[in-house]
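Q: Quick one: structure below, then a few questions.
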Amino acid sequence: MSTLDFRDLPEERLATTDAEGNRIWIIPARVRGKWKNRKRIFHIILLAIFVLTPWLRWNGEPLVLLDLSERQFIFFGKVFGAHDGPIIFFVLGILGFGLIIATALWGRVWCGWACPQTVFIEQVFRRIETLIVGNRAEQIACRKDPFKPKHLMKTIGKWVAFFVVSTFLAHTFISYFVSWEKLLHMMSKPPAESWTVFLIVSFFTGIILFDFAWFREQFCIIMCPYGRFQSVLMDQNSVTVAYDYKRGEPRGRNLKDKELKGAGDCIDCYKCVSVCPTGIDIRNGQQLECVACTACIDACDEVMEKIKRPKGLIRYAALADIEKEGRKVVRPRMALYGAIMLVLLIGFTYVVNAHRSFYISVLRQNKRPYAVSEYEGQQYLINNYRIHVKNPLRQPAEYKIRLVNKEDMEMAPNEIKGTLAANQSLYLPFFIRLPLSRWQEKRNLDLELEIQFQEKGEWVKRPFKSHIVGP
Numbered sequence: 361m362s363t364l365d366f367r368d369l370p371e372e373r374l375a376t377t378d379a380e381g382n383r384i385w386i387i388p389a390r391v392r393g394k395w396k397n398r399k400r401i402f403h404i405i406l407l408a409i410f411v412l413t414p415w416l417r418w419n420g421e422p423l424v425l426l427d428l429s430e431r432q433f434i435f436f437g438k439v440f441g442a443h444d445g446p447i448i449f450f451v452l453g454i455l456g457f458g459l460i461i462a463t464a465l466w467g468r469v470w471c472g473w474a475c476p477q478t479v480f481i482e483q484v485f486r487r488i489e490t491l492i493v494g495n496r497a498e499q500i501a502c503r504k505d506p507f508k509p510k511h512l513m514k515t516i517g518k519w520v521a522f523f524v525v526s527t528f529l530a531h532t533f534i535s536y537f538v539s540w541e542k543l544l545h546m547m548s549k550p551p552a553e554s555w556t557v558f559l560i561v562s563f564f565t566g567i568i569l570f571d572f573a574w575f576r577e578q579f580c581i582i583m584c585p586y587g588r589f590q591s592v593l594m595d596q597n598s599v600t601v602a603y604d605y606k607r608g609e610p611r612g613r614n615l616k617d618k619e620l621k622g623a624g625d626c627i628d629c630y631k632c633v634s635v636c637p638t639g640i641d642i643r644n645g646q647q648l649e650c651v652a653c654t655a656c657i658d659a660c661d662e663v664m665e666k667i668k669r670p671k672g673l674i675r676y677a678a679l680a681d682i683e684k685e686g687r688k689v690v691r692p693r694m695a696l697y698g699a700i701m702l703v704l705l706i707g708f709t710y711v712v713n714a715h716r717s718f719y720i721s722v723l724r725q726n727k728r729p730y731a732v733s734e735y736e737g738q739q740y741l742i743n744n745y746r747i748h749v750k751n752p753l754r755q756p757a758e759y760k761i762r763l764v765n766k767e768d769m770e771m772a773p774n775e776i777k778g779t780l781a782a783n784q785s786l787y788l789p790f791f792i793r794l795p796l797s798r799w800q801e802k803r804n805l806d807l808e809l810e811i812q813f814q815e816k817g818e819w820v821k822r823p824f825k826s827h828i829v830g831p
């Protein structure tokens, strides 16, 4: 190990705090390399998806829209209502176990590659700061002397740009819950005409501005629960950003010195520390603050290339690889996670395929499900029903309901049909009549209805059965 350097932190203290507990602003140095380029491309794709998705349409419907006012979720042309609770269960389960599996295999790959905190800070807010304030040295100087006229103007310009971008991001986020058409209409009117949406957008603008412009890495270190349970999900076979201490230790700057004969490849340049967005030293092993951003990999590879040593001193690797024990991909926990994920995927596929946008429910009347009446000297058994029909689509839809098994049964009215307007819901009463003697002969009688409704211009049939009840 090298002698103590001012950049060496005590183990009991975070890199973002000083000895008195005050915040140390982390301003990472610029880094170049293959991982930086790959992440930039991937992040640009994610940003494009986030911004463009609310504008895209599929079969005349928004591509993705969680319409809270109408209690609908639209996904790739399919309209899901509040009654589609099982789908939400499977979606959340798949997302949750997908994250668990990804963590068990590749560590905090979500944090470094796809987390909004990383994407927006690295690709949007840090770029704005570099564009307006300047490079790392200029940003440090600006923070040391913030009231110098030049620095003050840069700071004001930076925060104005942050506010504009935060406002745009807040509107984009809200457009996943209120369609762009409605949102643009609201924006063209005074705020007093849509106070609720205006206040929500203002709230999210403030949250985004606070988090991405000021709080930054503190969220990952202090608030994010993911970093705290990652140690439960990871083991020595999980691939993550790691320092090869067997190759790097002992560290030494001057390899010509006889005392350092046999020193490792690490020259103790602290480049990996200077580029880290959370300020940690990756050489100290796995740490809660590490978000696996790969910046230290590129920084170390650049140094290794300059001193003509093999790259990969810091790389994606499992502890088992570094210890030369051999990494195991198939292991009990992965088999368990995979089995649960398979069950969730099968369940999700089933409920989605069985889903129909047009909602029809046949209900038995609660207070008086049946009655006995006399007509022309004959007693009849009457079963009372009501139909709940709901059209969650954004265009009118027709429906038809008729009796299939007419074994001495009559339906009144003979056929139920009509047209529902967009987002309209109706309750329609009807009754089934049959001779009481018929029911007394064979008490195990079933009612069979054929329900037809229009979905996307096509007629869809759905059977319905109910047991006839009587005295």
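Heads up: the sequence shown is residues 361 to 831, going by the working numbering.
Ideal Cβ placement from N, Cα and C applies to all residues, glycine included.
Just so it is clear, the structure is predicted and the values come from calculations on it, not from any experiment.
(1) Distance check for residue 471 and residue 638, CA to CA, integer angstroms please.
(2) Less than 8 Å between the C-beta atoms of residue 473 and residue 402, yes or no?
(3) On the three-pair Cβ rule with 8 Å, is the segment 704-711 touching the segment 789-796?
(4) By Cβ distance below 6 Å, which residues in the same chain neighbour residue 434 in space, the five residues on each side in sequence not counted?
(5) So, residue 521 versus residue 564, is the Cβ gap smaller than 8 Å?
(6) Considering only the alpha carbon of each residue, which of 783, 596, 507 and 720 lies closest to residue 761?
(7) Helix, strand or coil for residue 771 per DSSP?
(8) If we ignore side chains and look at the alpha-carbon of each, how far apart do residue 418 and residue 755 end up?
(9) Spell out a yes or no on whether the segment 656-674 and the segment 383-397 are touching, meaning 3 or more CB-CB pairs, one atom from each, closer than 8 Å.
(10) DSSP three-state call for residue 458: helix, strand or coil?
(11) So residue 603 and residue 673 are in contact, right, with Cβ under 8 Å, and what is the actual spacing, rounded?
(12) Determine, using beta carbons only, whether residue 725 and residue 693 come nearer to each other than 8 Å.
(13) Could you tell me which of 528, 640 and 626 sits nearest to residue 577, measuring between CA atoms?
(14) Runs of 4 residues minimum, wholly inside the segment 655-713: which ones carry the alpha helix (DSSP H) assignment?
(15) Can you tell me whether residue 789 is buried or exposed, with buried defined as 16 or more other CB within 10 angstroms of its CB?
(16) Between residue 497 and residue 608, what straight-line distance do the alpha-carbon atoms span, to the nearest angstrom?
(17) Under 8 Å between the Cβ atoms of residue 590 and residue 490?
(18) By DSSP, does residue 395 sit in helix, in strand, or in coil?
(19) To which residues of the same chain is residue 803 closer than 8 Å at the C-beta, ignoring the five residues directly before and after it?
(20) Looking at the structure shown, is residue 555 part of a helix, part of a strand, or coil, going by DSSP?
(21) Identify the residues that DSSP records as bridge partners of residue 582: which are they?
(22) Just checking my contact of residue 445 with residue 431 at CB under 8 Å: how many whole Å lie between their CB atoms?
(23) So residue 588 and residue 512 are supposed to be a Cβ contact under 8 Å. How far apart are they, rounded?
(24) Determine the burial state of residue 757: buried for a count of at least 16 other Cβ atoms within 10 Å of its Cβ, exposed for fewer.
(25) Buried or exposed, going by whether 16 or more other CB atoms sit within 10 Å of the CB of residue 697?
(26) Could you spell out where the alpha helix (DSSP H) holding residue 486 opens and where it closes?
(27) Following the continuous beta strand (DSSP E) through residue 825, name the residue where it begins and the one where it ends.
(28) Please go through the same chain and pick out, in chain order, the residues whose beta-carbon is closer than 8 Å to the beta-carbon of residue 742, but skip the five residues on each side of it.
(29) Evaluate residue 395 with the Cβ neighbour count: other Cβ atoms within 10 Å of its Cβ, from every protein chain shown; 16 or more gives buried, anything less gives exposed.
(30) Which first and last residues belong to the alpha helix (DSSP H) in which residue 503 is found?
(31) Does residue 834 come out as helix, strand or coil in the three-state DSSP assignment?
(32) What are the start and end residues of the alpha helix (DSSP H) that includes residue 631?
(33) Between which two residues does the beta strand (DSSP E) carrying residue 541 extend?
A: Taking the structure as given:
(1) 12 Å
(2) yes
(3) no
(4) 421, 422 and 425
(5) no
(6) 720
(7) strand
(8) 14 Å
(9) yes
(10) helix
(11) 7 Å
(12) no
(13) 640
(14) 655-666 and 679-682
(15) exposed
(16) 29 Å
(17) no
(18) helix
(19) 830
(20) helix
(21) In DSSP, residue 582 forms no bridge with anything.
(22) At roughly 12 Å, the Cβ-Cβ gap does not stay under 8 Å, so residue 445 and residue 431 are not in contact.
(23) Going by Cβ atoms, the distance from residue 588 to residue 512 rounds to 39 Å, so no, they are not a contact pair.
(24) buried
(25) buried
(26) 486-492
(27) 818-827
(28) 730, 731, 732, 733, 791, 792 and 793
(29) buried
(30) 496-504
(31) What is shown of the chain runs 361 to 831, which leaves residue 834 out entirely.
(32) 631-634
(33) It is not in any beta strand (DSSP E) - residue 541 instead sits in the alpha helix (DSSP H) that spans 540-547.
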